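*Asks:* Submitted below is the structure of interest, expressed as structure tokens.
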Amino acid sequence: MRPAAVEAACAVVPAIEGWLGANNRELQSIPLLEFRESLQRLGFLRKYKGSLLPSRRARAALHADAVHELVVEALLPATGSFDHAAGVLLLAYIATTEPGAKVPIDAVAAAATELGWRVDHGPVPAEAIRDMPLWVLLTNIGRRPGDWRDRFGTFSPEATTIAREALLR
Numbered sequence: 033m034r035p036a037a038v039e040a041a042c043a044v045v046p047a048i049e050g051w052l053g054a055n056n057r058e059l060q061s062i063p064l065l066e067f068r069e070s071l072q073r074l075g076f077l078r079k080y081k082g083s084l085l086p087s088r089r090a091r092a093a094l095h096a097d098a099v100h101e102l103v104v105e106a107l108l109p110a111t112g113s114f115d116h117a118a119g120v121l122l123l124a125y126i127a128t129t130e131p132g133a134k135v136p137i138d139a140v141a142a143a144a145t146e147l148g149w150r151v152d153h154g155p156v157p158a159e160a161i162r163d164m165p166l167w168v169l170l171t172n173i174g175r176r177p178g179d180w181r182d183r184f185g186t187f188s189p190e191a192t193t194i195a196r197e198a199l200l201r
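Counting with this note's numbering, you get residues 33 to 201 for the letters of the sequence shown.
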């Protein structure tokens, strides 16, 4: 993304709030980079001739004023995959943790391991959970109080509500 686009995006992406630096290069604005990549993995954004554009599905949701429904539907990928199993676990933890309190990411990873999932023939690391697109997306929904270091692993009331909605689908 161009520096002006990075600066504009940093102004509205909650996870970048308080991030050190000029935040005019995506590679130096890690929370923004992770957010953009998660939107691509969830199928909301696509690259076309060097530009970022909304996907057809996202464009249709924007026109139908159905972005909320699109987000809720996208949180759980197809059944049978690690992302689905870990996603259900993560959503359950987010939905049942008080907004603003830290979600025990190590417990989510341990539960996924107990269910038989492995990463590189070993237990599921917390990083595998934190790198999930739904983690990144939900950390960028709503504002959370405190310094960026204090906000890691916390979710806003809006994100908690969306997690509950996704579990009920």
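Built from N, CA and C at the ideal position, the CB exists for glycine as well.
For clarity, every value in this text was computed on a predicted model and none was experimentally measured.
#1: Could you work out which residue in E197, F114, Y125, R34 is closest to V140 when comparing CA atoms only?
#2: For the structure I just gave you, are there three or more beta carbon pairs, one from the region 106-125 and one from the region 141-158, closer than 8 Å?
#3: Compare the beta carbon distance of M33 and E58 with 7 Å and say whether it is the shorter of the two.
#4: Going by DSSP, what residue range makes up the beta strand (DSSP E) through L77?
#5: Going by C-alpha to C-alpha distance, which of A133, E130, V104, G132 sits closest to V120?
#6: Reducing DSSP to helix, strand and coil, say where V151 ends up.
#7: Based on the DSSP secondary-structure assignment, which residues constitute the bridge partners of S83?
#8: Are three or more beta carbon pairs between the region 84-96 and the region 47-64 nearer than 8 Å?
#9: Use the C-beta contact count for V135: other C-beta atoms within 10 angstroms, 16 or more gives buried, fewer gives exposed.
#10: Just to confirm the assignment, what range does the alpha helix (DSSP H) spanning P63 have?
#11: Going by DSSP in three states, E130 sits in which element: helix, strand or coil?
#12: For R201, count neighbouring Cβ atoms within 10 angstroms of its own Cβ and tell me buried if that reaches 16, exposed if not.
#13: Excluding the 5 residues preceding and the 5 following V99 in the sequence, name in chain order all residues of the same chain whose CB lies nearer than 6 Å to its CB.
*Replies:* Reading it off the structure:
#1: Y125
#2: yes
#3: yes
#4: 77-80
#5: V104
#6: strand
#7: Y80
#8: no
#9: buried
#10: 62-73
#11: coil
#12: exposed
#13: A93
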